[in-house]
Amino acid sequence: MVTASRGPRLVNGMPPPHPVVRAVKGLVLLLCCAVVVVPFVGVVSTSLADQQQITEAGGYVLWPSNPSLDAYAAIFRGGVVTRATLVSIGVTLVGSLLSVAVVALLAYSLSRPGSFGHRPILLVVLVTMLFNAGMIPNYLLIKQLGLIDSWWALILPPLVSAFQVIIVRAFFMEVPAEIVDAARIDGAGELQILTRIMLPLSKAVLAVVALFQAVAYWSAFFNAMLYLNSTDKWPLQLVLRTYVVDNAAIGTDLPGEVVPPQQSLQMAILVVSLVPILLVYPFLQKHFAKGVVIGAVKG
Amino acid sequence: MRNPPLSRRRFLAMTGGAAALAAGSGLLAACGGSTAPRTGGAGSVAMPDYVPTTLVTPDLPATADGVMAGFYRYPANPATAFTTKPGEGAGTVSILTNILNPVPPSAGANAYWQELHNRLGATLDITMTPQADYLSKLSTVIASGDLPDLTLISARLAHKADVLTRLCADLSEFLGGSAVRQYPFLASIPTDAWLPTAYGGGIFAVPIPRAVVGTIMFTRTDLVRARGLDPEPASYADFLAVAKGLTDARGNRWAFGSVKGVITFVGTMLGVPNVWREEGGRFTSEHETEERKEAIARTARMFADGLFHPDTMGGRLQGRDLFGNGTLAFNPDGYAAWDTLAKTYPVEVGATVAPKADGGGTARHRAGTTAFAITAIKKTDKSRIEQLLRICDWLAAPLGTSEYMFRKFGVEGTHYTMEDGAPVLTDKGKVEVKLPLEYVVDAPHVLGPGDRARVDAQRAYQEKVVPTILRNPAEGLYSATATDKAGELSKIIDTAELDIVSGRKPIGHWDEAVAAWRTAGGDAARAEYEKALADKA
Amino acid sequence: MAPTELAATAAPAARGTPDAPPPAARRPRQASWRWRLRRDWFLLLLGLPGLLLVVLFHYVPLAGNVIAFKDYRPYLTVWEAPWVGFENFRVIYEGDPAFLNALTNTLVISLIQIVVVFPVPIALALLLNSLLSERVKRVVQSVLYLPHFMSWVVVVAVFQQLLGNAGLYNTWARAHDLPLLHLIGNADLFLPLITSQAIWKDAGWGTIIFLAAMSRVDLELYEAVAVDGGGRMRQLWHVTLPAIRSVIVLLLILKLGDVLTVGFEQIILQQAAVGQDASEVLDTYVYNRGIIDGNFGMAAAVGLVKGVVGLGLVLAANKIAHLFGERGLYSRW
Chain C
1 MVTASRGPRL VNGMPPPHPV VRAVKGLVLL LCCAVVVVPF VGVVSTSLAD QQQITEAGGY
61 VLWPSNPSLD AYAAIFRGGV VTRATLVSIG VTLVGSLLSV AVVALLAYSL SRPGSFGHRP
121 ILLVVLVTML FNAGMIPNYL LIKQLGLIDS WWALILPPLV SAFQVIIVRA FFMEVPAEIV
181 DAARIDGAGE LQILTRIMLP LSKAVLAVVA LFQAVAYWSA FFNAMLYLNS TDKWPLQLVL
241 RTYVVDNAAI GTDLPGEVVP PQQSLQMAIL VVSLVPILLV YPFLQKHFAK GVVIGAVKG
Chain W
1 MRNPPLSRRR FLAMTGGAAA LAAGSGLLAA CGGSTAPRTG GAGSVAMPDY VPTTLVTPDL
61 PATADGVMAG FYRYPANPAT AFTTKPGEGA GTVSILTNIL NPVPPSAGAN AYWQELHNRL
121 GATLDITMTP QADYLSKLST VIASGDLPDL TLISARLAHK ADVLTRLCAD LSEFLGGSAV
181 RQYPFLASIP TDAWLPTAYG GGIFAVPIPR AVVGTIMFTR TDLVRARGLD PEPASYADFL
241 AVAKGLTDAR GNRWAFGSVK GVITFVGTML GVPNVWREEG GRFTSEHETE ERKEAIARTA
301 RMFADGLFHP DTMGGRLQGR DLFGNGTLAF NPDGYAAWDT LAKTYPVEVG ATVAPKADGG
361 GTARHRAGTT AFAITAIKKT DKSRIEQLLR ICDWLAAPLG TSEYMFRKFG VEGTHYTMED
421 GAPVLTDKGK VEVKLPLEYV VDAPHVLGPG DRARVDAQRA YQEKVVPTIL RNPAEGLYSA
481 TATDKAGELS KIIDTAELDI VSGRKPIGHW DEAVAAWRTA GGDAARAEYE KALADKA
Chain H
1 MAPTELAATA APAARGTPDA PPPAARRPRQ ASWRWRLRRD WFLLLLGLPG LLLVVLFHYV
61 PLAGNVIAFK DYRPYLTVWE APWVGFENFR VIYEGDPAFL NALTNTLVIS LIQIVVVFPV
121 PIALALLLNS LLSERVKRVV QSVLYLPHFM SWVVVVAVFQ QLLGNAGLYN TWARAHDLPL
181 LHLIGNADLF LPLITSQAIW KDAGWGTIIF LAAMSRVDLE LYEAVAVDGG GRMRQLWHVT
241 LPAIRSVIVL LLILKLGDVL TVGFEQIILQ QAAVGQDASE VLDTYVYNRG IIDGNFGMAA
301 AVGLVKGVVG LGLVLAANKI AHLFGERGLY SRW
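Protein chains in written order, with this note's numbering: chain C, 1 to 299; chain W, 1 to 537; chain H, 1 to 333.
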């Protein structure tokens, strides 16, 4: 991306920054990162801490003196979590991919100015962002569709997000008209314009949709709680939700059980939920890198 | 950037199951009832006879007034109560209940669960919902019209009476009076636990009993003694002195961490009634009493004196941890926490008995809720109900029976081993024996088995306070407003308490809050209770 | 090739569907709807799956909002429940001072969110965009978005543990006779507290959309400015900002649709600490007065009101955006 130098020396299209500016920028970013990282170190540390240290610290530990993987062991014991992870991965993959496809199609169909009915349909989509049906009507619908205890009850309802349709549509509409016109003149139909021009140019926003949906599917538990009665169909977040009980209810504890401290479990759950996302993000992130729009599109 | 549709849905989803937030932190709703739209005026319904089982002899037998039975050790040779499979012919039994521990593997992969089917002679299809979300699930299941065979009905469910009388089976012919004797372990459930199941002249559920001792003011008696303070204060002044002696802000130590708990405790010392006071057919709410106002005022003074943990107001303190590490000297909690605290933290766990504020003896101890929740049976035919009740009976088998040992610990050798006379779960046991059966039906709680000193200490405490127990006269009566508006009404009270204790508002504000409480539903509740009482007579 | 979004709104280009009549010559003065339908049927077909899903999973259940006008109980069907007119809405129009307090708080918090919280991801995105090293940028991004995945329960707990009155800092300060930080539980600092929490939690995640928009910018544009002698500031002003302007406007408009919703969970978790006067917003107000008891009718009523207000605001904001020459959410045709 660096032009042969005839003018000022450029890196990634920009002149190199003044060293002072660089230092200030670095400092600001360092501060931002520190503000985020320090509490997170605490989260991880608490997940590794033992009961004694947690008790002494009053619930939150910054550095484990006696790190132990008890909380993680407790989570993964018995294969329930493993199975639930697989379920979550499946639902997330299918959901995100389907979502990107359907959202892209719908957004494209609404992005051609002056096309028939695009304004009313857009309004129809917009309204769903502002009004919600509530738990019971949604449940009754799922029941009517026969989707109780089916993973489709998790995948289908959030599949089309109005917010994302609107954003993707905006990105589509910003693709320069000349390119689209040129393609039409060459005889391209709508589908070809979509697949050969729009999608390649919109990798960034589609990656955004994929990421947002993936995160949404991965973190969801409420629909699973309502619609899935068999625990072997449960996704990860719902299973993990049973590990932490707020203000443990009045009940008897089984003897001989060394239960990892609640806080340690809570933090371990958070860490476990995060890991897959941290693994996936770099793959999508390269689409947000600069210069994805290659000048060669011209012409 | 947040994803708008998700956050909105989440709000409405949360608000739809809203009471779960409140329900998770305390179950103090009065329940039970005798009037319901179904029958119009109601006669009283015969409560099941209380016939404590003779199959098991505890080391410390339960007393008539509600002191828990105590066991020092697991009985060496547990009796086998059932000679036939209780669920024979029942086929598949569907259950909806909540779960408060990590979910176990499903039936197909769970040897314990399969053995359970074997011993019952029936298949249990259990839908387990995390406790925090249970009200949402329950509401939607009710709305869908598809109740399972057995459903846990939370104490906080709105329109409880209507739900029970319209959708659930009336069990009075099976359980009322001496009829319950054919289910010996259901008969072992104390009468006051049955009160919340009675509506409109019928018994509509089986209760999950809890001991009447309720909430205990746990105390770090070791710290008390270490500072030369009196572990048995004889008056409010004494108690205050102990609290002050235990507070050392610089050393990161405070007496209290729970505003509500202290107000209740001080209120107990002053003689505040347990939710309602009934005299000659008229009901007075505890909120309307001078003693309650005084309790709040005194707590506010203690707060101003710095006796409370500085983050108390947020209500998010890890009370047990802070108790365990000595930051808090007092921590009110349910009675079952005694063992939990003692096992989790290497400290001496004690309890403070509330003295009368002006001295002269022990104050009357405030009774706790006698049932965690109740389990209802779907409306169905007689033989099916009897099958289900037999299964419930099996689930209520108490400590000392082999059924109990299996239910709680699984198969000996596979899921647990006996070490030193006590069962220790194996890894397989820790994972598989996690079915929420105790939240369907359970035997009454007992003290122990465990460390003899601890069992004795708990027993001693109960023997001191339980004979003085002060009950809620509204128990056994039903008020639709009190149940349907429980959250809203307690919010008004809780908010006022926090505002006054924190110093944001003066004590005079309490009168406004009580007036608001009365308009929002307090007066309606009072009228309903008075009518219910009159109808009973 | 100027990165102007207005170019895309140029006069409707003729569509090159195989069987359409040659465009410019015979296009009628006012394109008849029949003609447009014939021209665009395939486009509509493409959008059909999405539209069907939207109608099925959003609109069909929306009919359930009729319970806003009924006294609904779960053991009755929606039809059986008796009508109560606007009874469920009373909680809103009662007009009592607590409601007005809640409304004021809500609008103030919304305003702060738009003015203070909204720009932070933009600034961060610009900062990240100007980094030279892709690797540093990637690492920093991954770090910054971590808090997004923490639930509010955990966030509030962490804030209390670190900044609470007996939290890490204050315990240390108390032992060393240093000034204490009274942040948690301080009604006067409640607004700054929840604002900083919101920024901490979601600013990093919020950069994603802006980075995506910035990534579309042709690098040659930067070079063009540089060759013209412009420095980084010029590049920012003439290249980067225009590229994300329409996204900013769009997001602002959508945010206005949500102006009455301000973070229920975050606030209800911390309401006890500061009291209702400082912290009550519309959502907590209606929650405390009925939704806490599972009053579904009231929840539906409140949802309807918020939706209607939000819709009105979105449409109005869109019109205003037009005045500024922005396309906004949707345009004239």
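Virtual Cβ for every residue (Gly too), placed ideally from N, Cα, C.
* Can you tell me whether DSSP reads Thr104 (chain H) as helix, strand or coil? -> Counted from its first residue, the third sequence places residue 104 (chain H) at position 104. It is helical.
* Asked: Using CA coordinates, which residue listed in C:Ser273, C:Phe283, C:His287, C:Leu284 is at the minimum distance from Thr82 (chain C)?
  -> Working through the first sequence from its first residue, we reach residue 82 (chain C) at position 82. Comparing Cα-Cα distances from Thr82 (chain C) to each of C:Ser273, C:Phe283, C:His287, C:Leu284, the minimum goes to C:Ser273.
* Compute the Euclidean distance between the alpha carbons of Ala396 (chain W) and Pro260 (chain C), then round it to the nearest angstrom. => Position 396 of the second sequence, counted from the first residue, corresponds to residue 396 (chain W). Position 260 of the first sequence, counted from the first residue, corresponds to residue 260 (chain C). Rounded to the nearest angstrom, the two C-alpha atoms are 29 Å apart.
* Asked: Is the CB-CB distance between Ile142 (chain C) and Gly64 (chain H) below 8 Å?
  -> Residue numbering aside, residue 142 (chain C) sits at position 142 when the first sequence is read from its first letter. Residue numbering aside, residue 64 (chain H) sits at position 64 when the third sequence is read from its first letter. With contacts defined as CB atoms closer than 8 Å, Ile142 (chain C) and Gly64 (chain H) fail to qualify as a contacting pair.
* Taking the Cβ atom as the reference point for each residue, do Val103 (chain W) and Leu150 (chain W) lie within a distance shorter than 8 Å? -> In the second sequence, residue 103 (chain W) corresponds to position 103, counting from 1. In the second sequence, residue 150 (chain W) corresponds to position 150, counting from 1. Cβ distance not < 8 Å, so Val103 (chain W) and Leu150 (chain W) don't count as in contact.
* Quick one: using the 10 Å Cβ neighbour count with 16 as the cut-off for buried, is Gly33 (chain W) buried or exposed? => Indexing the second sequence from 1 puts residue 33 (chain W) at position 33. Caution is warranted here: a pLDDT of 29 is assigned to Gly33 (chain W), below 50, making its placement in the model unreliable, and the coordinate value is therefore given only provisionally. Buried.
* To do: Examine chain W for any beta-carbon lying closer than 8 Å to the beta-carbon of Gln263 (chain C), and answer yes or no.
  => Sequence index remark: in the first sequence, residue 263 (chain C) carries index 263 (1-based). When Cβ-Cβ separations below 8 Å define contact, Gln263 (chain C) makes contact with chain W.
* To do: Give me the Cβ distance between Gly275 (chain H) and Gly314 (chain W), rounded to the nearest whole Å; I'm assuming they're in contact under 8 Å.
  => Within the third sequence, the letter at position 275 stands for residue 275 (chain H). Within the second sequence, the letter at position 314 stands for residue 314 (chain W). Contact between Gly275 (chain H) and Gly314 (chain W) is ruled out by a C-beta separation of about 11 Å, above the 8 Å threshold.
* Asked: Would you call the CB atoms of Val61 (chain C) and Gln53 (chain C) closer than 8 Å?
  -> If you number the first sequence from 1, residue 61 (chain C) lands on position 61. If you number the first sequence from 1, residue 53 (chain C) lands on position 53. In this structure, Val61 (chain C) places its C-beta atom within 8 Å of the C-beta atom of Gln53 (chain C).
* Would you check if the segment 271-287 of chain W and the segment 336-354 of chain W touch, i.e. whether three or more CB-CB distances between them fall below 8 Å? => Judged by Cβ distances under 8 Å, the segment 336-354 of chain W makes no contact with the segment 271-287 of chain W, as fewer than three pairs qualify.
* Check each candidate in H:Ala299, H:Arg34, H:Leu269, H:Asp258 and name the one with the smallest Cα separation from Phe116 (chain C). => Locating residue 116 (chain C) in the first sequence gives position 116, where the first residue counts as 1. Of the candidates H:Ala299, H:Arg34, H:Leu269, H:Asp258, the one whose C-alpha sits nearest the C-alpha of Phe116 (chain C) is H:Arg34.
* Which parts of the segment 136-163 of chain W are runs of the beta strand (DSSP E), unbroken and 3 residues or longer, counting only runs that do not cross its ends? -> Counting whole runs of 3 or more residues, the segment 136-163 of chain W contains the beta strand (DSSP E) stretches 150-153.
* Asked: Thr106 (chain H) versus chain W: which residues are under 9 Å apart at the beta carbon?
  -> Looking up residue 106 (chain H) in the third sequence gives position 106. For Thr106 (chain H), there are no neighbours in chain W by C-beta distance under 9 Å, as the nearest C-beta there is about 13 Å away.
* Using the DSSP secondary-structure output, state which residues sit across from Ile197 (chain C) in a beta bridge. => Here residue 197 (chain C) refers to the residue found at position 197 when the first sequence is read from its first residue. Looking at the DSSP assignment, Ile197 (chain C) forms no beta bridge with any residue, so it has no partner.
* When burial is assigned at 16 or more other CB atoms within 10 Å of the CB, is Leu37 (chain H) buried or exposed? -> Working through the third sequence from its first residue, we reach residue 37 (chain H) at position 37. Result: exposed.
* To do: Alpha carbon to alpha carbon, how far is Gly202 (chain W) from Thr35 (chain W)? Give it in angstroms, no decimals.
  => Here residue 35 (chain W) is taken as the residue at index 35 of the second sequence, counted from 1. Here residue 202 (chain W) is taken as the residue at index 202 of the second sequence, counted from 1. Low confidence applies here, because Thr35 (chain W) scores a pLDDT of 28, under 50, leaving its location unreliable; read the following figure in that light. C-alpha separation (whole angstroms): 10 Å.
* Compute the Euclidean distance between the alpha carbons of Ala482 (chain W) and Gly522 (chain W), then round it to the nearest angstrom. => What you label residue 482 (chain W) is simply residue 482 of the second sequence in a count that begins at 1. What you label residue 522 (chain W) is simply residue 522 of the second sequence in a count that begins at 1. Taking the straight line from one Cα to the other gives about 8 Å.
* Can you check the segment 234-300 of chain W for any beta strand (DSSP E) of at least 3 residues that lies completely inside it and give the ranges in chain order? => Segments of the beta strand (DSSP E) lying fully in the segment 234-300 of chain W: 276-279, 282-285.
* Buried or exposed (CB count within 10 angstroms, at least 16 for buried), Ala316 (chain H) -> Here residue 316 (chain H) refers to the residue found at position 316 of the third sequence. Result: exposed.
* If we cut at 8 Å on Cβ distances, does Tyr330 (chain H) have a partner in chain C? -> Numbered from its first residue, the third sequence carries residue 330 (chain H) at position 330. Interface criterion met: the Cβ of Tyr330 (chain H) is under 8 Å from a Cβ in chain C.
* Name the chain C residues that come within less than 9 Å of Ile109 (chain H), Cβ to Cβ? -> The sequence position of residue 109 (chain H) within the third sequence is 109, counting from 1. Residues of chain C passing the Cβ test: none, with the nearest at roughly 19 Å.
* Asked: Is there at least one Cβ from chain C nearer than 8 Å to Gly325 (chain H)'s Cβ?
  -> Locating residue 325 (chain H) in the third sequence gives position 325, counting from the first residue. For Gly325 (chain H), no Cβ of chain C is located within less than 8 Å of the residue's own Cβ.
* Can you give the Cα-Cα distance for Tyr529 (chain W) and Thr215 (chain W), rounded to whole angstroms? -> The residue labelled residue 529 (chain W) in the question sits at position 529 within the second sequence. The residue labelled residue 215 (chain W) in the question sits at position 215 within the second sequence. C-alpha separation (whole angstroms): 25 Å.
* Put Val347 (chain W) into one of helix, strand or coil per three-state DSSP. => On the second sequence, position 347 is the one that residue 347 (chain W) refers to. Three-state DSSP puts Val347 (chain W) in coil, outside helix and strand.
* Assign Leu279 (chain C) to one of two classes, buried (16 or more other C-beta atoms within 10 Å of its C-beta) or exposed (fewer than that). => Translated into the one-based positions of the first sequence, residue 279 (chain C) becomes position 279. Taking all protein chains in view, the Cβ of Leu279 (chain C) is surrounded by fewer than 16 other Cβ atoms within 10 Å, so the residue is classified as exposed.
* Would you check whether the ligand ADP has a heavy atom nearer than 7 Å to the C-beta of Val247 (chain H)? => This structure does not include the ligand ADP; it has no bound ligands of any sort.
* Closest Cβ-Cβ distance between Leu130 (chain C) and chain H: below 8 Å? -> Start at 1 with the first residue of the first sequence, and residue 130 (chain C) comes out as number 130. When Cβ-Cβ separations below 8 Å define contact, Leu130 (chain C) makes contact with chain H.
* Asked: What separation, rounded to the nearest whole angstrom, lies between the Cα atoms of Phe172 (chain C) and Val116 (chain H)?
  -> Taking the first residue of the first sequence as position 1, residue 172 (chain C) is located at position 172. Taking the first residue of the third sequence as position 1, residue 116 (chain H) is located at position 116. Those two C-alpha atoms are separated by around 29 Å.
* What did DSSP end up calling Phe372 (chain W) once you bin it into helix, strand or coil? -> The residue labelled residue 372 (chain W) in the question sits at position 372 within the second sequence. Strand.
* Asked: Using a beta-carbon distance below 8 Å, is Ile148 (chain C) in contact with chain H?
  -> Stepping through the first sequence from its first residue, residue 148 (chain C) is reached at position 148. Proximity of Ile148 (chain C) to chain H, defined by a Cβ-Cβ separation below 8 Å, is not satisfied.
* Cross-chain neighbours of Ser139 (chain W) in chain H, by beta carbon under 9 Å -> In the second sequence, residue 139 (chain W) corresponds to position 139, counting from 1. The contacting residues are Pro74, Gly294, Phe296.
* **Below-8 Å beta-carbon distance, Asn303 (chain C) vs any chain W residue** => An answer regarding residue 303 (chain C) cannot be provided, because it is not within the stretch 1 to 299 covered by chain C.
* To do: For Ala525 (chain W), go through chain H and note every residue whose CB falls closer than 7 Å to its CB, in chain order.
  => Looking up residue 525 (chain W) in the second sequence gives position 525. What Ala525 (chain W) touches in chain H, judged by beta-carbon distance under 7 Å, is nothing: the nearest beta carbon there is about 13 Å away.
* To do: Report the option in C:Ala170, C:Leu110, C:Ser45, C:Pro64 whose CA atom is closest to the CA atom of Leu216 (chain H).
  => Here residue 216 (chain H) refers to the residue found at position 216 of the third sequence. As written in the sequence, residue 216 (chain H) is Arg, which differs from the Leu given in the question. The shortest C-alpha separation from Arg216 (chain H) is found at C:Ala170.
* Asked: For Asp258 (chain H), which residues of its own chain have a beta-carbon under 7 Å away from its beta-carbon, when the five flanking residues on both sides are left out?
  -> As a first step, residue 258 (chain H) is located in the third sequence; it is residue number 258 there, counting from the start. So the list reads Gly310, once near-sequence residues are dropped.
* Sequence ranges, alpha helix (DSSP H) only - wholly within the segment 221-279 of chain H, length at least 4 -> DSSP runs (the alpha helix (DSSP H)) wholly in the segment 221-279 of chain H: 232-235, 241-256, 264-274, 276-279.
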